[in-house]
Every structure is written in structure tokens, then in C-alpha cells.
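Numbering that gives the first Met the number 0 applies: residue 0 is where the sequence shown begins, and numbers increase by one.
Think of the CB as a built atom: it goes at the ideal place given N, C-alpha and C, for glycine as much as any other residue.
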Amino acid sequence: MEQSFEWSLWATRFMVLLAVIFGLIGAVVLFIVASFDVYHVSTFVFDVYVNHLHPNKFHEKVVGEIIGAVDLYLIGVVMLLFSFGLYELFISDIDVAKTDDERQNKILSIHSLDQLKDKISKVIVMVLVVGFFKKVGLAEYTQPLELFYLALSITAVSVGLYFLSKVGKH
């Protein structure tokens, strides 16, 4: 009875496949949506230059849309890391990754929940930084104090990214 219970308990790890499959679907959807956003911006820019138009805040709109697409790509990467990590931790090592070059194997290889958490949290921080710069780029600054706050916030983000890059290195 104990052996069959343990076998059943061990088999429940395959429920993780749902998260893996839907995580991959989510990543594909995010990559497709971001690609359509970039395509939409590209056609907008093409129309502006072909028709010799120059709408208000043209550059801000283009940069904002591109940064938004980068944000979606980064979130798609989070979903990929999540899916690969769950699969390797709960189901099996990805054998194809072992035959590829060492760099790919190092990026996608996950051996513990802490390692998965670290990789995902770094990408999430990058998503937040990209979102921050999108907001900063679209904001209007009317007073010198606002520019000082901008400089302080950029410095704080830079210091945070510096320390984040030191995490996990010996």
C-alpha cells in the first residue's frame, strides 16, 4: 500500500506539465503580439515618411511603442524560463539542450528552485526597468526639480542594476 501511494504521489508531478504547456503558449502569444506591435509601428513610421507627415510627439510615440514591444518580449522570456525551469525541475532534463553548445545549455539549464527564481526575478526587474524608461520617456518636464528627480531615479535604477548584476557571481 505504501509503495502504490508513493508511486501515485510521485506521478502527480506530471501536473506541472499543464504549467509548462500553458507557459509556452503564453510565451508564444507574447512574442506574436510584440511582433505585431513592432510591425504596426514600422508601417506607421513608413507612412509618416512616405507621406511627409510629422505628427505631434512622433518620436515619443514610436519609442514608446518599441519599448512596449520589448517589454512584451521580456515577459515572454520570463514565461519561457518558467516553462523550461519547471520542466527540468519536476519532469526531466532537456536532453537536446545537453547536445547544443555550452552557452545555450547554461542559459536554459536550471537545477534548483532558487536558480529558477533568480533567473526569473532578473528578467522581471528588467521588465520593470523598461517600463520605467517608457514612462520617463513619455513624461513632460516643466520644472527643474522634476529633472532633478529624473536624474535621481535614473541613478537609483543604475545602482540597482549594478548590484543585481553582482548577485550569484563569486
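ask   = Enumerated in chain order, which unbroken segments of the beta strand (DSSP E) with a length of 3 residues or greater are wholly contained in the segment 39 to 94?
value = Within the segment 39 to 94, no complete beta strand (DSSP E) run reaches 3 residues.
request  = Out of 51, 131 and 155, state which residue places its alpha-carbon closest to the alpha-carbon of residue 70.
outcome  = Stepping through the sequence shown from its first residue, residue 70 is reached at position 71. The option with the nearest alpha carbon to residue 70 is 131.
key: CB contact flag (residue 90, residue 27, <8 Å)   = The count along the sequence shown starts at 1 and reaches residue 90 at position 91. The count along the sequence shown starts at 1 and reaches residue 27 at position 28. Their beta carbons are not under 8 Å apart, which means residue 90 does not touch residue 27 by this criterion.
task = Within the same chain, show all residues whose beta-carbon is closer than 7 Å to that of residue 119, passing over the 5 residues directly before and after it, in chain order.
result = In the sequence shown, the residue the question calls residue 119 occupies position 120. Here the set comprises 77, 80 and 81.
query = residue 85 to residue 17, Cα distance in whole Å?
reply = Numbered from its first residue, the sequence shown carries residue 85 at position 86. Numbered from its first residue, the sequence shown carries residue 17 at position 18. If I take the Cα positions, the gap works out to 10 Å.
ask   = With C-beta atoms as the reference, is residue 75 less than 8 Å away from residue 29?
value = Numbered from its first residue, the sequence shown carries residue 75 at position 76. Numbered from its first residue, the sequence shown carries residue 29 at position 30. Remark: C-beta atoms of residue 75 and residue 29 approach each other more closely than 8 Å.
Buried/exposed call for residue 87, threshold 16 Cβ in 10 Å = The count along the sequence shown starts at 1 and reaches residue 87 at position 88. That one is buried.
query = What is the C-beta distance between residue 67 and residue 133, in whole angstroms, given that I count them as a contact (C-beta under 8 Å)?
reply = Counted from its first residue, the sequence shown places residue 67 at position 68. Counted from its first residue, the sequence shown places residue 133 at position 134. About 6 Å; that satisfies the 8 Å criterion.
ask   = In its own chain, which residues sit with a C-beta less than 6 Å from the C-beta of residue 72, not counting the 5 before and 5 after it?
value = The sequence position of residue 72 within the sequence shown is 73, counting from 1. Contacts found: 33.
ask   = So, residue 53 versus residue 47, is the Cβ gap smaller than 8 Å?
value = One-based indexing of the sequence shown puts residue 53 at position 54. One-based indexing of the sequence shown puts residue 47 at position 48. In terms of Cβ geometry, residue 53 and residue 47 form a close pair [threshold 8 Å].
message = Assuming residue 128 and residue 160 are in contact, meaning their beta carbons sit under 8 Å apart, how far apart are those beta carbons, in whole angstroms?
response = To locate residue 128, count along the sequence shown from 1; it is residue 129. To locate residue 160, count along the sequence shown from 1; it is residue 161. Indeed, because the Cβ distance is near 7 Å, the residues count as touching under 8 Å.
query = In whole angstroms, what separates the C-alpha of residue 43 from that of residue 55?
reply = As a working note, residue 43 is residue 44 in the sequence shown. As a working note, residue 55 is residue 56 in the sequence shown. Taking the straight line from one Cα to the other gives about 13 Å.
inquiry  = Can you give me the C-alpha to C-alpha distance between residue 57 and residue 138, rounded to a whole angstrom?
reply    = For this step, residue 57 is matched to residue 58 along the sequence shown. For this step, residue 138 is matched to residue 139 along the sequence shown. In this structure, the CA atom of residue 57 is about 14 Å from the CA atom of residue 138.
inquiry  = Considering Cα atoms alone, identify which of 83, 60 and 123 is closest to residue 41.
reply    = Sequence index remark: in the sequence shown, residue 41 carries index 42 (1-based). Selected option, being the one with the closest Cα: 60.
task = Taking 8 Å as the cut-off, decide whether the C-beta atoms of residue 163 and residue 116 are in contact.
result = Walking along the sequence shown from the start, residue 163 turns up at place 164. Walking along the sequence shown from the start, residue 116 turns up at place 117. Cβ atoms of residue 163 and residue 116: not closer than 8 Å.
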